[in-house]
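Novice: In this note's numbering, the protein residues as written are 947 to 1509. Every residue, glycine too, gets a C-beta built ideally from N, C-alpha and C.
Right, here's the structure in full:
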């Protein structure tokens, strides 16, 4: 265990024992602290064997103790300060427990003992105002986005394959004579093209056709070779099933009101543990036709633009590259033609796939209720902060090529939840749209769950992009007639959860508000959220907030069981 000839991989068996699950060991990029994604533990590059071993021990112990389970880690999204405090508390606790059964960890455990006894207690203390010392550097860090986007989640049971040597079937002599090979229809030459070096499916198929062979049929179950792209989760049935919205038509003198539409949406009753179908009437109002364009100024934020320009979501294929992920068959053929013709062409014969395409639709939902009229020491209201942030975000995202819509919402009871269109997806955010936003005045109440559901339906049906994000700007204080306290918080949290189940990412920002972190956690739940005095305070990490919210869609979600 003291030699470094095999690199960090020498620690794999010890890490598997400590974590109680099959994990791999690798070096993190230079300058990156030790961390884990639940399947691989990354230790610091360039450190000694002893330093890498203690980094591995604390990360593996966190996995083995369940400290990085999805239920706990989701509370650390986009909250680096809380994550660091949680790591300090849990690191002390798990190392103390590990020292009792592994003498190697005895020297690493804190001398004074841990401050907490369970992971839930550590999380609660990390989110409180209690003093928590900073963890040692070798504790590494916790990266919630890496843990929640892992394909199989933190830890998978260790099997025989992880605990014994295995040989590739190509290296093991087959029993029987050569006739068995002819009967099976397989070729050892063709097996060479199954090598990872020949990663191009098109090139492999080309050689198979040229040699008069194809994939053998009947070797597996029906559809075994069909690529699977995604699996749609089934909806719950019975009293816990989510009712679909019911479209309604508003009339004026027996004729449909021009441009006005809406729907009846359900509402979640946390006290009864079931939905109230067709409970809230959400009315969609079209954009105003006129506005004073002299009030159309929008503050610009260069930091925000640079950060959001880094948000790449869709794969884009770059052809004719010097190096890349796959062979470019067309460029390869052209190179052979040039060589036969006596030319010396450049060896640009690879394809490179990079996440450069955005393919993003964003609906900015602005809280225009009377609760946003509180002022800060500079005399600006919460509404002023959120309205300016909405304008800046809309202009920036539109300049970057995203499809953007801006809506505001307010309510006066469950029958009057108003959804005001300030900019639709098909409109440019010109002077008229910016003036509409700047002249918006807050009043009435905040039925947040209904506003989220109404905006979510617009986003799902009108964005026209594979990636969709609902960006909510609210003080996180839902209140209306018969809609307050735990009931309102649970319904807003449920509405955001419904959208994420439908493939819509959610990001909630609270600007210039005094709402405490625990209240925001209850309202926004596991959806990505952040709070700050101004948008400029969040701009340096806005790309991280966007990507974290979008990655939540690929994270495994527990299947609820109702009895």
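Once you ignore the five residues that flank residue 1340 on each side, which residues in its own chain have a CB closer than 7 Å to its CB?
Specialist: The count along the chain shown starts at 1 and reaches residue 1340 at position 394. Within the same chain, residue 1340 has close Cβ partners 1310, 1350, 1352, 1369 and 1375.
Novice: By Cβ distance, which residues of its chain are closer than 6 Å to residue 1264, with the 5 residues on each side in sequence left out?
Specialist: Here residue 1264 is taken as the residue at index 318 of the chain shown, counted from 1. Excluding residues within five positions, the ones whose Cβ falls inside 6 Å are 1298.
Novice: When the Cα atoms are used, what is the spatial distance from residue 1277 to residue 1295?
Specialist: Taking the chain shown and counting its residues from 1, one reaches residue 1277 at position 331. Taking the chain shown and counting its residues from 1, one reaches residue 1295 at position 349. About 5 Å.
Novice: Sorted by chain position, which residues of the same chain lie with C-beta nearer than 6 Å to residue 1033's C-beta, five sequence neighbours on each side aside?
Specialist: Mapped onto the chain shown, residue 1033 falls at position 87. Here the set comprises 1081, 1085 and 1088.
Novice: At which residue ranges does the stretch 1233-1284 contain complete beta strand (DSSP E) runs of 3 or more residues, listed in the order of the chain?
Specialist: The beta strand (DSSP E) runs of length 3 or more contained entirely in the stretch 1233-1284 are, from start to end of the chain, 1260-1267.
Novice: Residue 1369 bridges to which residues according to DSSP?
Specialist: By one-based count along the chain shown, residue 1369 stands at place 423. Paired residues: 1352.
Novice: What are the boundary residues of the beta strand (DSSP E) that includes residue 1192?
Specialist: Position 246 of the chain shown, counting from 1, holds the residue named residue 1192. 1192-1194 is the span of the beta strand (DSSP E), which, as asked, contains residue 1192.
Novice: On a CA-only basis, which of 1249, 1072, 1348 and 971 is nearest residue 1001? Give me that one, please.
Specialist: Taking the first residue of the chain shown as 1, we reach residue 1001 at position 55. The option with the nearest alpha carbon to residue 1001 is 971.
Novice: Helix, strand or coil: how does DSSP classify residue 1090 here?
Specialist: The sequence position of residue 1090 within the chain shown is 144, counting from 1. Reduced to three states, the DSSP call for residue 1090 is helix.
Novice: What is the DSSP secondary structure of residue 1080, counted as helix, strand or coil?
Specialist: Translated into the one-based positions of the chain shown, residue 1080 becomes position 134. Note: residue 1080 maps to coil in three-state DSSP.
Novice: May I have the straight-line CA-CA distance separating residue 1435 from residue 1190, to the nearest angstrom?
Specialist: Position 489 of the chain shown, counted from the start, is the residue given in the question as residue 1435. Position 244 of the chain shown, counted from the start, is the residue given in the question as residue 1190. Computed Cα separation, rounded: 21 Å.
Novice: Less than 7 Å separating the beta-carbons of residue 1354 and residue 1395?
Specialist: On the chain shown, residue 1354 is found 408 positions in, with the first residue counted as 1. On the chain shown, residue 1395 is found 449 positions in, with the first residue counted as 1. Between residue 1354 and residue 1395, the CB-CB gap reaches or exceeds 7 Å.
Novice: Anyone know if the C-beta pair for residue 1422 and residue 1461 falls short of 7 Å?
Specialist: Against the chain shown, residue 1422 aligns to sequence position 476. Against the chain shown, residue 1461 aligns to sequence position 515. Yes, these two residues count as a Cβ contact at 7 Å.
Novice: Looking only at its chain, what residues have a beta carbon closer than 7 Å to the beta carbon of residue 1022, apart from the 5 residues adjacent to it on each side?
Specialist: Counting from 1 along the chain shown, the entry for residue 1022 is found at position 76. These residues qualify, in order along the chain: 1028, 1029, 1032, 1088 and 1090.
Novice: By alpha-carbon positions, which one of 1308, 991 and 1496 ends up nearest to residue 928?
Specialist: The question about residue 928 has no answer, for the chain in this structure spans 947 to 1509.
Novice: Rounding to the nearest angstrom, what Cα-Cα distance links residue 1290 and residue 1280 in this structure?
Specialist: Walking along the chain shown from the start, residue 1290 turns up at place 344. Walking along the chain shown from the start, residue 1280 turns up at place 334. Between residue 1290 and residue 1280, the C-alpha separation is close to 11 Å.
Novice: Taking just the CA atoms, how far does residue 964 sit from residue 953?
Specialist: Indexing the chain shown from 1 puts residue 953 at position 7. Indexing the chain shown from 1 puts residue 964 at position 18. Residue 953 and residue 964: Cα-Cα distance of roughly 19 Å.
Novice: Would you check if the stretch 1001-1014 and the stretch 1037-1050 touch, i.e. whether three or more CB-CB distances between them fall below 8 Å?
Specialist: Touching, per the Cβ criterion.
Novice: Pick out whichever of 1364, 1324, 1372 and 1333 has its Cα sitting closest to the Cα of residue 1344.
Specialist: Counted from its first residue, the chain shown places residue 1344 at position 398. The residue with the shortest Cα to Cα distance from residue 1344 is 1372.
Novice: My guess is that residue 1454 and residue 1482 are in contact by the Cβ rule of under 8 Å, so how many angstroms apart are they, rounded?
Specialist: As a working note, residue 1454 is residue 508 in the chain shown. As a working note, residue 1482 is residue 536 in the chain shown. About 18 Å; that fails the 8 Å criterion.
Novice: When you compare only the Cα positions, how much space is there between residue 1407 and residue 1401?
Specialist: Counted from its first residue, the chain shown places residue 1407 at position 461. Counted from its first residue, the chain shown places residue 1401 at position 455. In a straight line, the C-alpha of residue 1407 is about 10 Å away from that of residue 1401.
Novice: Are the C-beta atoms of residue 1220 and some chain C residue less than 7 Å apart?
Specialist: Judged by its chain identifiers, the structure shown contains no chain C, having just a single protein chain.
Novice: Assuming residue 1304 and residue 1346 make a contact with CB atoms under 8 Å, what is their CB distance in whole Å?
Specialist: In the chain shown, counting from the first residue as 1, residue 1304 sits at position 358. In the chain shown, counting from the first residue as 1, residue 1346 sits at position 400. Contact holds; Cβ gap of about 7 Å.
Novice: Quick one, which of 986, 1017, 1239 and 978 has its alpha-carbon nearest residue 993's?
Specialist: Here the question's residue 993 lines up with position 47 in the chain shown. Minimum Cα distance to residue 993 is reached at 978.
Novice: I'd like to check one pair, residue 1307 with residue 1399: are the Cβ atoms closer than 7 Å?
Specialist: In the chain shown, residue 1399 corresponds to position 453, counting from 1. In the chain shown, residue 1307 corresponds to position 361, counting from 1. It is not a contact, given that the beta carbons lie outside the stated cut-off.
Novice: On a Cα-Cα basis, can you pick out the residue from 1475, 957, 962 and 1440 that is closest to residue 1211?
Specialist: Stepping through the chain shown from its first residue, residue 1211 is reached at position 265. When only C-alpha atoms are compared, the closest one is 1440.
Novice: Taking residue 1246 as the reference, give the member of 1485, 1018 and 1273 with the closest Cα.
Specialist: Indexing the chain shown from 1 puts residue 1246 at position 300. The alpha carbon of residue 1246 has as its nearest neighbour, out of 1485, 1018 and 1273, the alpha carbon of 1485.
Novice: To the nearest angstrom, how far is it from the Cα of residue 1072 to the Cα of residue 1194?
Specialist: In the chain shown, counting from the first residue as 1, residue 1072 sits at position 126. In the chain shown, counting from the first residue as 1, residue 1194 sits at position 248. If you take the alpha carbons of residue 1072 and residue 1194, they lie about 47 Å apart.
Novice: Could you give the residue range of the alpha helix (DSSP H) that holds residue 1399?
Specialist: Stepping through the chain shown from its first residue, residue 1399 is reached at position 453. From DSSP, the alpha helix (DSSP H) with residue 1399 extends over 1394-1408.
Novice: Residues in its own chain within less than 7 Å of residue 1062 by CB, not counting five upstream and five downstream?
Specialist: Residue numbering aside, residue 1062 sits at position 116 when the chain shown is read from its first letter. Same-chain partners within the cutoff: 1035, 1039, 1068 and 1071.
Novice: My output table needs one value for residue 1126: the three-state DSSP class, helix, strand or coil.
Specialist: Your numbering for residue 1126 matches position 180 in the chain shown. With a pLDDT of 44 at residue 1126, under the threshold of 50, the modelled position of this residue cannot be trusted; read the value that follows with caution. Helix, per DSSP.
Novice: Along the chain, which unbroken stretches of the alpha helix (DSSP H) at least 4 residues long are found entirely within the stretch 1453-1494?
Specialist: 1463-1470 and 1481-1484
Novice: Can you tell me where the beta strand (DSSP E) holding residue 1384 begins and where it ends?
Specialist: Here residue 1384 refers to the residue found at position 438 of the chain shown. Premise fails: residue 1384 lies in the alpha helix (DSSP H), 1377-1384, not in any beta strand (DSSP E).
Novice: Could you tell me the alpha carbon to alpha carbon distance between residue 1442 and residue 1366, rounded to whole angstroms?
Specialist: The residue given as residue 1442 occupies position 496 in the chain shown. The residue given as residue 1366 occupies position 420 in the chain shown. Residue 1442 and residue 1366: Cα-Cα distance of roughly 20 Å.
Novice: Would you list, in sequence order, the uninterrupted alpha helix (DSSP H) runs of no fewer than 4 residues that lie entirely inside the stretch 1408-1450?
Specialist: Runs of alpha helix (DSSP H) with 4 or more residues, each lying fully within the stretch 1408-1450, are found at 1431-1447, listed in chain order.
Novice: Identify which residue in 1286, 1064 and 1449 has its Cα closest to the Cα of residue 1499.
Specialist: Stepping through the chain shown from its first residue, residue 1499 is reached at position 553. Nearest of 1286, 1064 and 1449 to residue 1499, Cα basis: 1449.
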